[in-house]
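J.:
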Amino acid sequence: MPKIQRLLLLSVVVIISVSGLSYELVAGTMATYLLGQSVTQFSFATGWFLAAMGFGSYLSRFVKKNIYYFLFNIQILIAIIGGFSAGIMFFSFAATDTLYPIFIVLAFIIGSGIGLEIPILLRLMRHYKILSVAVSDVFTFDYIGALFASVLFPLAILPFLGLVRASIFFGFLNLIAAGLILTFVPKTKRSYFYSVLSLSFVLLVVGFIGAEKVTNWMENLLYQDAIVYSSNSKYQRIVITKWKDDTRLYLDGNVQFSTVDEAMYHEPIVHIPISFLKDKPKTALVLGGGDGLVIRELLKYESIETITLVELDPAIIDLFKNHPVLKQIPQNSLNSPKVNIVIADAFNWLKNKENKTKFDFIVADLPDPNSHSLGKLYTIAFYLYVYRHLENNGIFVTQSTSPTFAPDAYYCIQDTIKNATEIFEKSQTGWEVYSYHLYIPSFGDWGFHITGKNILSLKEKNEISVETEYLTDELAGSFFAFPKNARKDGEISINNLNNQILVKLYSRSWPRWYR
């Protein structure tokens, strides 16, 4: 019997570890989804949870009586508060546009509860093993549980359940732990605890079943238009809204395009760079752009023989390749026989030494650098890999955020591209970098940078030779003009992998426009 009881307590330790770390991951992921800056959010979430756990461990010294009753109540508390933590944070942000106050309170309560449990369980384990063995057992199983949580959360739980249901799922684990603790309570005194456990279970079941409807309702508070599609992929939250003729794609809360004005983005990012080429491109590489809209524009050129699309998220590809309505937006371009789709991280795909393919035209249609995982796609290392895959007469273009709303970030990208060409050519001059921008209603003033070793000059560039909805040669020429005060002289910043200064510049630029 003592051996069975010891195993039951160790099972409780594993469950506590799995659910505890998972609540921390849920909080960090939710903050990243709503606020961006993944490193900042996860660092803050980890630090605050650990501080709260330390406080809980301190409080555990005052728990001296009715220890099993206390542990049971803590499990119920964490199950309810932790289980509904994602929904509470989501609602707080949707209703008030603030997250940190409720984030801090929830993390403190959950972290303190978890911190209370481990020292108490250590005390209980002393009844079954000497202290040194008890400490070893508890921490061994605690770390094993942390491993399970860290692996299962991103690979299985989050993609299939979403954040709101994921946190409720871990609430169920706490109820299982509470049930195991009940085995140590005398049978004559269990009726009350069974009632509390049953009520908590029903509450979580109701929350789990209704999570999708509640999430859609809260997301409708966040978005201007009605949500017609929403899901969680392995990498991001995908939301599509529609109002009349305006269909919009949002990834992690950030708008990627609006059908009303998407041509004002996708035509300039394709046709303006191609006008700098001496010959029409035969091969093209698209990094990002899983919606197929850049490819739609590329397919207008009869000279194009092959297009390679490198997209990280297969869910985006599936959506715009197979959805009966959405695939019409890029005119079914992803199903073209000229398109070769590669599911991979763009950085690693370019870095692969076995991949020696070169292209006439490379387009980086990537999300803004609001996190370090995205910021690496705007570093010197990334651009050096890009140039390695660029034909001698080829051209490269990248979207570069807003020169008006995030000027420091915009010019940091320009400096980094230029510096990378100097390193690549082992010279102090490198290649010419041409910058242009235009006003897009959904985004505001938006900018791009292009470069290549043997491309035409601004005065020599060709006329646009394909049919367009928005772009004209006269307009294209005006996009290269910038205000006199667009940039201060002498300010140069380079984005490297080891410093990721671009993420900092980007993050501090946008908030000043929305104070």
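Count along the sequence shown from 1, then add 231; that gives the number in my numbering. Here a beta-carbon is modelled for each residue, glycine too, at the ideal position from N, C-alpha and C.
Apply the 10 Å Cβ neighbour rule to Ser696 and answer buried if 16 or more other Cβ atoms are within range, or exposed otherwise.
T.: Start at 1 with the first residue of the sequence shown, and residue 696 comes out as number 465. Ser696 comes out exposed.
J.: For Ile305 and Val486, I'd like the C-alpha separation in whole angstroms.
T.: Counting from one through the sequence shown, the residue named residue 305 turns up at place 74. Counting from one through the sequence shown, the residue named residue 486 turns up at place 255. Rounded to the nearest angstrom, the two C-alpha atoms are 41 Å apart.
J.: Do Phe636 and Ser724 have their C-beta atoms closer together than 8 Å?
T.: Stepping through the sequence shown from its first residue, residue 636 is reached at position 405. Stepping through the sequence shown from its first residue, residue 724 is reached at position 493. No, they are not a contact pair.
J.: Could you pull the DSSP bridge partners for Lys473 from this structure?
T.: Within the sequence shown, residue 473 is the residue found at index 242, counting from 1. According to DSSP, Lys473 bridges with Ala457, Thr478.
J.: Would you please state the rounded distance, in angstroms, between the beta carbons of Val525 and Asp596? I believe it to be under 8 Å.
T.: For this step, residue 525 is matched to residue 294 along the sequence shown. For this step, residue 596 is matched to residue 365 along the sequence shown. Going by Cβ atoms, the distance from Val525 to Asp596 rounds to 5 Å, so yes, they are a contact pair.
J.: Quick one: which unbroken alpha helix (DSSP H) runs of 4-plus residues sit fully inside the region 595-654? Chain order, please.
T.: 603-606, 611-619, all fully within the region 595-654.
J.: Grab the span of the alpha helix (DSSP H) containing Tyr737 for me, first residue to last.
T.: On the sequence shown, position 506 is the one that residue 737 refers to. Counting along the chain, the alpha helix (DSSP H) containing Tyr737 begins and ends at 732-740.
J.: I'd like the span of the alpha helix (DSSP H) that includes His502, first residue to last.
T.: Taking the first residue of the sequence shown as 1, we reach residue 502 at position 271. It spans 494-505 - the alpha helix (DSSP H) in which His502 sits, taken as one unbroken run.
J.: Would you call the CB atoms of Leu311 and Ser429 closer than 8 Å?
T.: Counted from its first residue, the sequence shown places residue 311 at position 80. Counted from its first residue, the sequence shown places residue 429 at position 198. For the record, residue 311 in the displayed sequence is Ile; it is not Leu. Taking 8 Å as the Cβ cut-off, Ile311 and Ser429 do not qualify as a contacting pair.
J.: For Lys589, which residues from the same chain have a beta carbon less than 6 Å from its beta carbon, with the 5 sequence-adjacent residues on both sides left out?
T.: Taking the first residue of the sequence shown as position 1, residue 589 is located at position 358. Excluding positions up to five away in sequence, the list reads His620, Glu622.
J.: May I ask which residues mark the beginning and end of the alpha helix (DSSP H) holding Ile695?
T.: Counting from 1 along the sequence shown, the entry for residue 695 is found at position 464. Counting along the chain, Ile695 falls outside any alpha helix (DSSP H), and DSSP gives it neither H nor E.
J.: Quick check on the DSSP output: the beta strand (DSSP E) that includes Gly410 runs from which residue to which?
T.: In the sequence shown, counting from the first residue as 1, residue 410 sits at position 179. That residue, Gly410, is in no beta strand (DSSP E); its alpha helix (DSSP H) goes 389-413.
J.: Label Asn650 either buried or exposed according to how many other C-beta atoms from any shown protein chain fall within 10 Å of its C-beta, with 16 as the threshold for buried.
T.: The residue labelled residue 650 in the question sits at position 419 within the sequence shown. Asn650 is buried by the Cβ-count criterion.
J.: Tell me where the beta strand (DSSP E) around Asp544 begins and ends.
T.: Within the sequence shown, the letter at position 313 stands for residue 544. From DSSP, Asp544 is part of no beta strand (DSSP E); its letter is neither H nor E.
J.: Check the C-beta distance from Ile500 over to Val628 and give it rounded, since I have them as a contact under 8 Å.
T.: Numbered from its first residue, the sequence shown carries residue 500 at position 269. Numbered from its first residue, the sequence shown carries residue 628 at position 397. Ile500 to Val628, Cβ: 6 Å. Contact.
J.: Leaving out five residues before and five after Ile574 in sequence, what residues of the same chain have Cβ atoms less than 6 Å from its Cβ?
T.: Against the sequence shown, residue 574 aligns to sequence position 343. Cβ neighbours of Ile574 beyond the five flanking positions: Pro545.
J.: Determine, using beta carbons only, whether Gln562 and Arg527 come nearer to each other than 8 Å.
T.: What you label residue 562 is simply residue 331 of the sequence shown in a count that begins at 1. What you label residue 527 is simply residue 296 of the sequence shown in a count that begins at 1. Cβ distance < 8 Å, so Gln562 and Arg527 count as in contact.
J.: Applying the 10 Å Cβ sphere with the 16-neighbour rule, what's the burial state of Arg479?
T.: Numbered from 1 along the sequence shown, position 248 holds the residue referred to as residue 479. That one is buried.
J.: Identify every residue that forms a DSSP beta bridge with Arg468.
T.: Indexing the sequence shown from 1 puts residue 468 at position 237. Answer is Asn463, bridged to Arg468.
J.: If we call anything under 8 Å between Cβ atoms a contact, is Ile333 one with Ser323?
T.: Against the sequence shown, residue 333 aligns to sequence position 102. Against the sequence shown, residue 323 aligns to sequence position 92. Yes, Cβ-Cβ distance for Ile333 and Ser323 is below 8 Å.
J.: Have a look at Lys715, Thr699, Tyr641, Arg718 and flag the residue whose alpha-carbon is nearest the alpha-carbon of His680.
T.: In the sequence shown, the residue the question calls residue 680 occupies position 449. Checking every option, the nearest Cα to that of His680 belongs to Tyr641.
J.: Counting beta carbon pairs with one atom in the region 397-416 and one in the region 292-306, are three or more of them shorter than 8 Å?
T.: Yes, since at least three Cβ pairs between the region 292-306 and the region 397-416 fall closer than 8 Å, the two stretches touch.
J.: Counting C-beta neighbours from all protein chains within 10 Å, is the total for Ser554 16 or more, i.e. buried, or is it exposed?
T.: Here residue 554 corresponds to residue number 323 of the sequence shown, with the count starting at 1. For the record, residue 554 in the displayed sequence is His; it is not Ser. So His554 counts as exposed.
J.: From the DSSP output, in three-state form, read off Trp662 for me.
T.: Along the sequence shown, read from residue 1 onward, the residue named residue 662 stands at position 431. The answer is coil: DSSP assigns Trp662 none of H, G, I, E or B.
J.: According to DSSP, is Val486 part of a helix, a strand, or is it coil?
T.: The count along the sequence shown starts at 1 and reaches residue 486 at position 255. Looking at Val486 - three-state DSSP - the assignment turns out to be strand.
J.: Hey, how far is the Cα of Ile407 from the Cα of Trp677?
T.: Here residue 407 corresponds to residue number 176 of the sequence shown, with the count starting at 1. Here residue 677 corresponds to residue number 446 of the sequence shown, with the count starting at 1. For Ile407 and Trp677, the distance between alpha carbons rounds to 52 Å.
J.: So, is Gln467 buried or exposed, given that buried needs 16 or more other C-beta atoms within 10 angstroms?
T.: Indexing the sequence shown from 1 puts residue 467 at position 236. Buried is the call here.
J.: Might you give, ordered along the chain, the residues of its own chain that have their beta carbon closer than 6 Å to the beta carbon of Gly606, omitting 5 neighbours on each side?
T.: Translated into positions along the sequence shown, residue 606 becomes position 375. Hits under 6 Å: Pro600, Gln731, Leu733, Val734.
J.: Should Asn463 go down as buried or exposed, given a rule of 16 or more other Cβ atoms within 10 Å for buried?
T.: As a position in the sequence shown, residue 463 is number 232, starting the count at 1. Answer is buried; the Cβ neighbour count reaches 16.
J.: Ordered along the chain, which non-local residues of its own chain (more than five positions away) have a Cβ less than 6 Å from that of Phe488?
T.: For this step, residue 488 is matched to residue 257 along the sequence shown. Excluding positions up to five away in sequence, the list reads Leu480.
J.: Find out if the Cβ-Cβ distance for the pair Val570, Ile547 is shorter than 8 Å.
T.: Here residue 570 corresponds to residue number 339 of the sequence shown, with the count starting at 1. Here residue 547 corresponds to residue number 316 of the sequence shown, with the count starting at 1. No, the Cβ-Cβ distance between Val570 and Ile547 is not below 8 Å.
J.: Could you check where the alpha helix (DSSP H) with Val525 kicks off and where it finishes?
T.: Counting from one through the sequence shown, the residue named residue 525 turns up at place 294. Here the alpha helix (DSSP H) through Val525 covers 524-529.
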